[in-house]
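Undergrad: Note that the UniProt record's numbering gives residue 83 to position 83 of the sequence shown, counting from 1, and the numbers run on in steps of one.
The beta-carbon is built from N, C-alpha and C at its ideal position, and this holds for glycine as well.
Only a predicted model underlies this, so the values are computations on that prediction, with no experimental measurement involved.
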Amino acid sequence: MSDTNPESSSFNALNIDVTESILSRLPIPSLVRFSSVSKLWRSIITSLPPSSSSSSSPWLFLFGIHNTSSFHNQSFAFDPLSDSWLRLPSASFPSVHLVGSDRFLFTTAPRFAFSPILKPRWRLTSPVRFPRISPLLAVFSTRSGSSKLILVGGVGSIGGLVDIDDRLAVQVYDPALDSWELCPPLPADFRSNAHETLSSALWKRKFYVFDINSCFVSSFCLDTYTWSDVQTLRPPGLSFAFLNSCDGMLVLGGMCNSSFNLWRIEEGSMEFSEIAIMPEELLSGLVDNEDEEDRDKFRTLKCVGSGNLIYVFNEDCHKKYPACICEIGVEKGKCRWRKVPHLPSPVNKFHKLVSFCSAVSITDVFHSDETRIGSIHH
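(1) Have a look at A188, S38, L177 and F106 and flag the residue whose alpha-carbon is nearest the alpha-carbon of L151.
(2) Using a Cβ-Cβ cutoff of less than 6 Å, which residues in the same chain neighbour S115 once the five nearest sequence positions on both sides are dropped?
(3) Do the stretch 74–87 and the stretch 132–140 make contact, defined as three or more Cβ pairs closer than 8 Å?
(4) For a test of the three-state rule: what should DSSP assign to A323, helix, strand or coil?
(5) Just mark L243 as buried or exposed, buried being the case when its beta carbon has 16 or more other beta carbons within 10 Å.
(6) Leaving aside the five residues before and after K352 along the sequence, list all residues of the same chain whose C-beta is less than 6 Å from its C-beta, in chain order.
(7) To the nearest angstrom, report how far apart I28 and W59 are at their CA atoms.
(8) Please list the terminal residues of the continuous alpha helix (DSSP H) segment that includes V365.
(9) Would you mind working out which of Q231, V32, S35 and I44 sits nearest T19, comparing C-alpha positions?
(10) Within 10 angstroms of its Cβ, does A77 collect 16 or more other Cβ (buried), or is it exposed?
(11) Determine the contact status of A359 and D79, defining contact as a CB-CB distance below 9 Å.
(12) Residues in its own chain within less than 8 Å of A109 by CB, not counting five upstream and five downstream?
(13) Go through its chain and collect everything with a Cβ distance to K339's Cβ below 7 Å, but skip five positions before and after it.
(14) Check this for me: beta carbons of L62 and S355, under 9 Å apart or not?
(15) Please report the distance separating the alpha-carbon of L40 from that of S24.
(16) Three or more beta-carbon pairs under 8 Å between the stretch 173–183 and the stretch 209–218, yes or no?
(17) Looking at the structure shown, is F190 part of a helix, part of a strand, or coil, going by DSSP?
(18) Across which residues does DSSP place K352 in a beta bridge pair?
(19) Assign K148 to one of three DSSP states: helix, strand, or coil.
(20) Mapping the DSSP letters down to three states, classify residue 380 as helix, strand or coil.
(21) If I measure Cβ to Cβ from F272 and keep anything under 6 Å in the same chain, skipping five residues before and after, which residues do I get?
(22) Would you report the Cα separation of E181 and R129, rounded to the nearest angstrom?
(23) How is the beta strand (DSSP E) around D288 delimited, first residue to last?
(24) Evaluate G237 with the Cβ neighbour count: other Cβ atoms within 10 Å of its Cβ, from every protein chain shown; 16 or more gives buried, anything less gives exposed.
(25) Name the residue from G253, P346 and S47 whose alpha carbon lies nearest to the alpha carbon of L233.
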């Protein structure tokens, strides 16, 4: 009779280093399943370094918010290695004002709080100097190795009225001191633009702010806390675009005439060079083709990216949020596009879709209880 005990199987008889090497190449959903096979496998899996290959491809996160009934909230995460969607718990949202960045989820009102993405454990911060709704947000490392949080723009709500006086406010949070520092505001060129039209990218110790429609761009130096001069970044024919930090470069993704293009942006000069065009059949799958002359149908497209991946998806509930993905520089500078599977049914209709791209490590799944949330980073 063969021995069916996983602890004594031929697989477990392999050298521990070999076993770890094999497991480190598996996508995280597979590791979660395999961790229940035996104590040995779980021990190896939970000991994998955060930089293992299973965490190298950033995930796409979609948090669907229903304004009147939290029962209809839904959360999804797409793992590009397993090419599959995962449903996430949705009942733990403390408010509808969510922002995501760098493996964490943030709620900005009525109190500012943050939590790991995959295992919610919320922590309140000290009161924000200027409470914001829908701000730009990023986690960054200081020269000393600690982590801080930058909060840019957004709108405030006082007595149900919109407060426009300080919509350009910039605030930096130090979790070690649990305090907020008020910094030089966003340049006045961005004042007349709605907060929903801004996108951002964290790259080379600078926080870039880009206006989707006007194409104004400026960067905030995270060492000197100063803003650069405002420039215009608009390739010919561009309708709207989003700025992302991907694989050691700034990437602009947006609609150019009738195609969705990606450009590499040079630091300082803000000069651009085209690196990819979405195949026409993929673009057709993201929008309604009933009216081929209607260019507004592209306005619900959004682009987020990190690592070597760019995700493009439709925020309109009518098509149930279809998406595609571009892998940058997959072979000798070439890019590879592919369709993302449909979201797992049923999919509700949402009033708001919170979306962002983030790396995920094995520690986000197994070590959340030991996470020092006060330091923001794991």
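TA: Looking at the coordinates:
(1) F106
(2) Excluding positions up to five away in sequence, the list reads L105, R121 and W122.
(3) no
(4) Three-state result, A323: strand.
(5) Note on L243: 16 or more other CB atoms within 10 angstroms of its CB, so buried under the neighbour-count rule.
(6) I65
(7) Spanning the two alpha carbons is a distance of roughly 11 Å.
(8) I362 to F366
(9) I44
(10) buried
(11) no
(12) Short of 8 Å from the beta carbon of A109, and not among the five residues preceding or following it, lie these beta carbons of its own chain, in chain order: S95, H97, P131, R132, I133 and S157.
(13) L282, G285 and C324
(14) yes
(15) 15 Å
(16) Three or more beta-carbon pairs separated by less than 8 Å are not found between the stretch 173–183 and the stretch 209–218, which leaves the two stretches without contact.
(17) Of the three classes helix, strand and coil, the one that applies to F190 here is helix, per DSSP.
(18) I65
(19) When secondary structure is reduced to three states using DSSP, K148 falls in the strand class.
(20) Summary: the structure shown does not reach residue 380, with the chain confined to residues 1 through 378, and so no result is reported for it.
(21) P235, W263 and I265
(22) 8 Å
(23) It is not in any beta strand (DSSP E) - D288 carries neither H nor E in the DSSP assignment.
(24) exposed
(25) Minimum Cα distance to L233 is reached at G253.
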